[in-house]
Amino acid sequence: MKASREHPPQRPLFVVATQTVEVGANLDFDALVTEAAALDALRQRFGRLDRLGRRHAQHLPSQAVVVIRGDHTKTSEIDPIYGSALAATWAFLVSLGKAKSKKKGETQSVTVDFGVNALDQAITKQEIDINAMVAPARDAPVLFPAHLNAWVQTDPMPEPDPDVAPFLHGVADRPADVQMVWRADLPENADQWGRIVALMPPRTREAMAVPLSEVRAWLRGTSTGAVADVEGVSQAPFDRSERASRRVLRWRGKDDAQSVGAEDLRPGDTIVVPAIYGGADAFGWTPGTHDPVPDIAEACLLDAIATTPAHAVRRPLVRWRLHPVLMPDMDEAFKADVTARLKHALNTVQSGAVDATERRRLALELLDVIAGAHSGAEQVAVLALREAKKSLRVTLYPDDCGLLVSTPASPDLVKALEKAGRSEPDETEVEEPEADGPSVFPGGQSVTLDEHTKAVGAQARAFAEKAGLDTPFTEALALAGRWHDAGKADPRFQAWLYASEITALAANAKGKGGLLAKSGAHPSDWPSPEPFGYPKGARHEFVSVRLFEEAGLAIGEAGDLARLLIGTHHGHGRAFPPVVDDSSPVCVRVAVDGKTVEACSSHGLHRLDANWIDLFWRLVRRYGWWGLAYLEALLITADRTVSAREQRPAATAPDTEEPAEP
1 MKASREHPPQ
11 RPLFVVATQT
21 VEVGANLDFD
31 ALVTEAAALD
41 ALRQRFGRLD
51 RLGRRHAQHL
61 PSQAVVVIRG
71 DHTKTSEIDP
81 IYGSALAATW
91 AFLVSLGKAK
101 SKKKGETQSV
111 TVDFGVNALD
121 QAITKQEIDI
131 NAMVAPARDA
141 PVLFPAHLNA
151 WVQTDPMPEP
161 DPDVAPFLHG
171 VADRPADVQM
181 VWRADLPENA
191 DQWGRIVALM
201 PPRTREAMAV
211 PLSEVRAWLR
221 GTSTGAVADV
231 EGVSQAPFDR
241 SERASRRVLR
251 WRGKDDAQSV
261 GAEDLRPGDT
271 IVVPAIYGGA
281 DAFGWTPGTH
291 DPVPDIAEAC
301 LLDAIATTPA
311 HAVRRPLVRW
321 RLHPVLMPDM
331 DEAFKADVTA
341 RLKHALNTVQ
351 SGAVDATERR
361 RLALELLDVI
371 AGAHSGAEQV
381 AVLALREAKK
391 SLRVTLYPDD
401 CGLLVSTPAS
411 PDLVKALEKA
421 GRSEPDETEV
431 EEPEADGPSV
441 FPGGQSVTLD
451 EHTKAVGAQA
461 RAFAEKAGLD
471 TPFTEALALA
481 GRWHDAGKAD
491 PRFQAWLYAS
501 EITALAANAK
511 GKGGLLAKSG
521 AHPSDWPSPE
531 PFGYPKGARH
541 EFVSVRLFEE
551 AGLAIGEAGD
561 LARLLIGTHH
571 GHGRAFPPVV
581 DDSSPVCVRV
591 AVDGKTVEAC
601 SSHGLHRLDA
611 NWIDLFWRLV
621 RRYGWWGLAY
631 LEALLITADR
641 TVSAREQRPA
651 ATAPDTEEPA
661 EP
């Protein structure tokens with residue numbers, strides 16, 4: 001179906017779809033049969049017919065048929081989507097073509113040229129009010145600066161946080177949806193849910209959109225299941241019941257995952273619920289069912305891996321959960337054997353008397369056993385994990401009830417997934433992979449701080465120049481790129497990257513050549529930062545800001561902008577930097593372009609008298625809500641582009657490489 005496909009289908013393919021194919025899908029069909037719709041909707045559908053003009057170039061027809069209910073040809077006000085525009089469009093189309101003679105009992109047919117130019121000429125010639133043939137538009141609320149001031153604050157999120165949907169789609173007759181994900185490995189104790197789900201973060205592919213009011217009612221046991229899969233149909237009113245609600249996990253990333261009740265849900269939320277809650281079957285939302293909902297996290301992850309484009313910064317890790325409720329369904333003897341092996345592995349790992357090598361051995365034994373119980377892409381993934389060996393990371397569940405195994409996705413795995421039936425890279429929906437430690441490269445390739453920041457500075461400058469920005473902006477972006485990771489010179493951060501305080505001290509003694517930006521440690525050996533004294537939740541970019549200031553560069557327009565870009569390049573500090581308790585601060589020293597500067601790791605930028613908030617709002621006023629976000633995007637993209645380039649295997653990377661084109 002994809003318009004850019006290289007080869008035609010090997011057999012006829014019939015696609016039955018709703019009006020969702022009208023927009024946002026790069027699809028190409030040879031023929032079309034469609035229900036009548038408003039003129040704007042029909043033109044969108046016809047845009048999927050011979051989309052690239054290949055059939056036309058070969059003088060092949062691309063025919064379409066538009067059909068309509070007989071009672072809608074004269075009046076269609078009762079249609080819930082298109083209203084009177086349906087009948088008006090039909091009358092217009094009939095007036096364009098010459099009706100073929102028909103015999104008694106036959107359906108009348110009219111031929112219309114639906115080409116863009118032909119249809120435009122017909123509309124102009126007949127002097128028709130096209131508004132009568134367009135689907136009714138919802139009224140949108142007035143957008144005030146206060147809305148934009150709230151939306152520009154992304155960390156922390158402001159309260160209240162205005163819903164953006166009415167401004168994009170108009171005020172709907174139905175409430176906004178929430179995205180629901182079902183997981184089988186959630187225990188009764190909801191306190192552990194966030195940490196468990198973080199092991200296998202939810203993805204768009206495994207989520208079901210359900211109206212917020214319906215979810216609230218379902219959690220309180222008052223759902224009627226009256227949900228229409230059509231926009232414009234009014235839904236049940238907001239449930240203000242005082243009945244107790246079941247708990248769900250509201251997922252806003254691993255750092256903001258909370259167990260909440262129905263009253264705490266908001267439009268657009270992603271929620272994760274225990275599979276034993278029921279609520280869905282093979283056909284979709286079914287609130288009356290109490291049968292456990294299948295957990296499809298691994299299957300959706302494999303789809304995401306296979307369809308992530310090659311030019312993406314990184315693919316998601318291959319993850320597999322070894323948990324009693326997620327074992328493959330086989331005969332009783334097999335189930336008993338796997339359960340016993342898993343219990344033994346869990347008891348051994350829980351004892352704390354085993355190292356990473358022994359953990360891997362236990363996990364590999366389990367993978368060997370279950371590999372034959374899977375097929376297709378799932379078997380491919382299990383076999384890839386089994387072959388990973390030293391790069392395999394084994395993580396104990398927070399509640400000690402399971403193991404997560406993970407490894408980087410190799411090119412061979414991606415090819416194998418495609419052969420197993422996973423689709424080609426999808427240009428229309430690419431999921432951003434969950435970050436798995438941006439300062440660790442699973443391939444075992446370390447990068448020095450000086451190399452990385454020089455490359456990001458050059459890449460940011462190249463992006464700015466290609467974008468046609470004036471010199472002050474170009475200089476600010478180049479400066480921000482050069483200094484954005486300077487805070488990683490913190491001795492504790494370096495000890496974390498080296499996984500050894502002694503090694504880090506020896507490397508630091510070498511000067512800038514010994515400081516790391518990215519570690520080459522294997523994921524299985526990657527430690528937590530806290531044992532090295534690095535405070536939980538600390539952000540190196542704000543120490544980078546202080547070092548930049550100490551270098552005397554935070555002056556003038558370019559200095560102000562560079563300072564803010566350095567602090568926000570990981571998305572924090574818009575408008576408040578996170579508060580971190582650095583109870584044992586250290587001196588951070590770094591040399592950049594021949595200038596050695598030092599600053600205290602306890603940067604204090606979260607304090608109200610630090611003027612960070614004033615800087616943020618001053619630059620928002622100076623460059624505008626969108627302008628500042630655009631400049632931030634240039635630096636973030638430069639950082640990600642360089643990081644992706646640094647992750648390439650040394651054998652395939654060129655000796656010298658120019659900055660990438662924007």
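One point on numbering: in our numbering, the residue at position 432 of the sequence shown is 432, and numbering is uninterrupted.
A virtual CB, placed ideally from N, CA and C, is assigned to each residue, including glycine.
From the DSSP secondary-structure annotation, give me the bridge partner or partners of residue i.
i      : result
SER245 : Note: SER245 sits in no beta bridge, so no partner.
PRO211 : ASP177
GLY284 : ASP281
ARG589 : GLU598
ILE78  : Paired residues: none, contrary to the question.
ARG393 : SER406
LYS518 : VAL447
ARG574 : ASP155
PRO274 : ARG183
Between the options, which lies nearest to residue i when the distance is taken from Cα to Cα?
i      : options                        : result
SER583 : PRO577, ILE566, LEU385, SER602 : SER602
ALA455 : THR568, ALA638, ALA464         : ALA638
SER535 : THR568, ALA495, GLU557, ALA554 : It is Pro, not Ser, that sits at residue 535 in the sequence shown. Out of THR568, ALA495, GLU557, ALA554, ALA495 has the C-alpha closest to the C-alpha of PRO535.
PRO324 : LEU362, LEU403, ARG360         : LEU403
MET200 : LEU13, VAL210, VAL181, GLU214  : VAL181
LEU497 : LEU449, ARG220, GLU475         : LEU449
ALA458 : LEU477, ALA467, PHE473, SER446 : LEU477
TRP90  : THR204, ALA363, ALA37, CYS600  : ALA37
ILE663 : ILE123, PHE616, TYR397, ARG574 : Residue 663 is absent from the structure shown; the chain starts at 1 and stops at 662.
THR204 : ALA299, GLY627, ALA137         : ALA299
GLN647 : ARG266, GLY468, ASP255, SER446 : SER446
GLU206 : LYS389, ALA275, LEU628, PHE532 : ALA275
VAL394 : SER375, GLY194, ARG359, VAL369 : ARG359
LYS419 : SER375, VAL112, ALA132         : SER375
LYS389 : LEU362, PRO411, THR471         : LEU362
LEU346 : CYS401, VAL338, GLY253, ASP337 : CYS401
VAL592 : ASP331, ALA340, TRP483, GLN350 : TRP483
Once the 5 residues before and after residue i are set aside, which same chain residues still bring their CB inside 7 Å of it?
i      : result
HIS540 : ASP485, GLY487, LYS488, ASP490, PHE493
VAL318 : ILE305, ALA381, ALA384, LEU385, SER406, THR407, ALA409, LEU413
GLU465 : THR474
GLN63  : ALA31
VAL273 : MET180, TRP182, VAL248
Which residues in the same chain have their Cβ closer than 8 Å to the Cβ of residue i, if we skip the five residues on either side of it in sequence?
i      : result
LEU417 : LEU302, ILE305, ALA306, ALA377, VAL380, ALA381
LEU515 : THR448, LEU449, ASP450, LYS488, ALA489, GLN494, ALA507, ASN508, VAL590
LEU663 : Missing from the structure shown is residue 663; the chain here goes from 1 to 662 and no further.
VAL94  : VAL110
ALA41  : GLN19, GLU22, TYR82, ALA135
Buried or exposed for residue i, please, with buried defined as at least 16 other CB atoms from any protein chain shown within 10 angstroms of its CB.
i      : result
THR270 : buried
HIS569 : buried
PHE114 : buried
GLY552 : exposed
LEU367 : buried
THR428 : At THR428 the pLDDT is 39, less than 50, meaning the model places this residue with poor confidence; the figure from the coordinates comes in the next sentence. By the 10 Å Cβ count, THR428 comes out exposed.
THR453 : buried
ALA140 : exposed
PHE14  : exposed
SER524 : Annotation note: pLDDT 46 at SER524 (below 50); position unreliable, coordinate value reported separately. Buried, since its Cβ has 16 or more Cβ neighbours within 10 Å.
ALA651 : Confidence in ALA651 is poor, its pLDDT being 43 and thus under 50, which makes the residue's placement too unreliable to answer from.
ALA633 : exposed
SER234 : With a pLDDT of only 48 at SER234, under 50, the local geometry of the prediction cannot be trusted, and the value read off the model is given with reservation. Exposed: under 16 other Cβ atoms inside 10 Å.
Ordered along the chain, which non-local residues of its own chain (more than five positions away) have a Cβ less than 6 Å from that of residue i?
i      : result
ASP281 : THR289
PRO287 : TRP218, SER223, GLY225, GLY279
PHE616 : ALA575
CYS600 : PRO585
THR308 : ARG315
ILE296 : GLU206
CYS587 : GLU598
LEU186 : TRP193, PRO274
Does the CB of residue i have a neighbour CB from chain D at under 8 Å?
i      : result
VAL394 : The chain inventory of the structure shown lacks chain D, comprising one protein chain alone.
Margin query: Ignoring anything shorter than 3 residues, give me the beta strand (DSSP E) runs that lie fully in the region 9-73, in order along the chain.
Written below: Those beta strand (DSSP E) runs which fall completely within the region 9-73 and span 3+ residues are 32-35, 64-67.
Next item on the list: Taking only runs that begin and end inside the region 349-391, name each unbroken alpha helix (DSSP H) of 4 or more residues, in chain order.
Entry: DSSP runs (the alpha helix (DSSP H)) wholly in the region 349-391: 356-371, 376-388.
Next item on the list: Output the residue ranges of the alpha helix (DSSP H) runs that lie fully inside the region 295-351 and measure 4 residues or longer, sorted by chain position.
Entry: You should have 297-307, 332-350.
Notebook entry, point to check: Which runs of the beta strand (DSSP E), 3 residues or longer, sit entirely within the region 117-198?
Noted result: Here the runs fully enclosed are 177-183.
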